[in-house]
Amino acid sequence: MTADYLRDQGINADYYHAGQNMSERTMVQAAWQRGDVHVVCATIAYGMGIDKPDVRYVLHASLAKSIEGYYQEAGRAGRDGNEAHCVLFFKESDVGSLKRIIEGPGGGRGGYGRGGRFRPPRKKRDTIEREFAKLEEMAHYCMQGECRRKVFAHHFGESYRYSLCNRKCDNCRREGETQEEENSLSLL
Numbered sequence: 001m002t003a004d005y006l007r008d009q010g011i012n013a014d015y016y017h018a019g020q021n022m023s024e025r026t027m028v029q030a031a032w033q034r035g036d037v038h039v040v041c042a043t044i045a046y047g048m049g050i051d052k053p054d055v056r057y058v059l060h061a062s063l064a065k066s067i068e069g070y071y072q073e074a075g076r077a078g079r080d081g082n083e084a085h086c087v088l089f090f091k092e093s094d095v096g097s098l099k100r101i102i103e104g105p106g107g108g109r110g111g112y113g114r115g116g117r118f119r120p121p122r123k124k125r126d127t128i129e130r131e132f133a134k135l136e137e138m139a140h141y142c143m144q145g146e147c148r149r150k151v152f153a154h155h156f157g158e159s160y161r162y163s164l165c166n167r168k169c170d171n172c173r174r175e176g177e178t179q180e181e182e183n184s185l186s187l188l
């Protein structure tokens with residue numbers, strides 16, 4: 001478990017997930033809000049409704065299902081206006097794993113199957129295809145070389161100004177470093 005690993009490294013970390021009872025989750029959240037816990041390892045649901053302005057890092061252990069979801073999750077960092085970072089660890093196999101989750105188990109109308117286990121209804125094919133398209137768009141976001149803010153602005157139908165990024169995203173920093181290296185080489 002990630003929180004255990006972090007604690008072993010001397011980092012005051014805890015975890016938050018749906019398998020905990022409400023009092024455990026409330027205690028973790030309160031400890032984090034007070035600053036007693038520095039890192040909370042959680043599913044995406046944890047961030048919803050949380051307003052802690054001094055979050056410095058949001059780390060994603062895998063790909064989000066959509067740009068909208070990622071934008072929402074990443075937006076938990078730096079709400080106080082100070083520098084913050086969002087890091088996403090991504091590998092192409094995440095896409096296949098998430099596609100299986102999107103398709104979901106079971107089929108038909110759902111209901112209770114053998115052994116009394118509830119089987120959710122299978123999603124309609126057009127719903128699955130829309131979710132696949134969003135996932136592919138998110139994977140493209142991870143692999144492309146454009147300014148991250150420009151991609152967000154375009155996705156949400158907003159205008160883009162370079163000054164909004166000012167070489168803060170990884171792609172713009174990398175582009176600047178590449179340009180500086182090319183200029184150095186041309187001077188030789």
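Residue 1 is where the sequence shown starts when you use full-length UniProt numbering, and the numbers rise one by one after that. Positions of the beta carbon are idealized from the N, C-alpha and C atoms, including for glycine. As the structure is a prediction and not an experimental result, all values here were calculated from the model.
What do you get for Arg149, buried or exposed, if any count of 16 or more other CB atoms within 10 angstroms of its CB means buried? buried
So the candidates are Gly96, Ala18, Arg7; which of them puts its Cα closest to the Cα of Ser62? Gly96
Can you say whether Ala42 is buried or exposed, counting buried as having 16 or more other CB atoms within 10 angstroms of its CB? buried
Have a look at Leu135, Gly19, Asn171, Pro53 and flag the residue whose alpha-carbon is nearest the alpha-carbon of Arg34. Pro53
If you compare alpha carbons, which of Arg125, Leu59, Arg79, Leu135 is closest to Ser93? Leu135
Closest to Ala18 by CA distance: which of Asp36, Trp32, Tyr46, Asp51 is it? Tyr46
Check this for me: beta carbons of Ile50 and Gln29, under 9 angstroms apart or not? yes
Which partner residues of Cys41 appear in the DSSP bridge assignment? Tyr15
For Tyr162, write down the residues that DSSP places opposite it in a beta bridge. In DSSP, Tyr162 forms no bridge with anything.
What are the boundary residues of the alpha helix (DSSP H) that includes Val151? 148-155
Which residue wins for smallest C-alpha separation from Tyr57, given the options Lys65, Val39, Glu68? Val39
Other residues of its chain near Leu88: CB distance less than 6 angstroms, five sequence neighbours each side excluded: His60
Starting from Tyr57, follow its DSSP beta bridges and name the residues at the other end. His85
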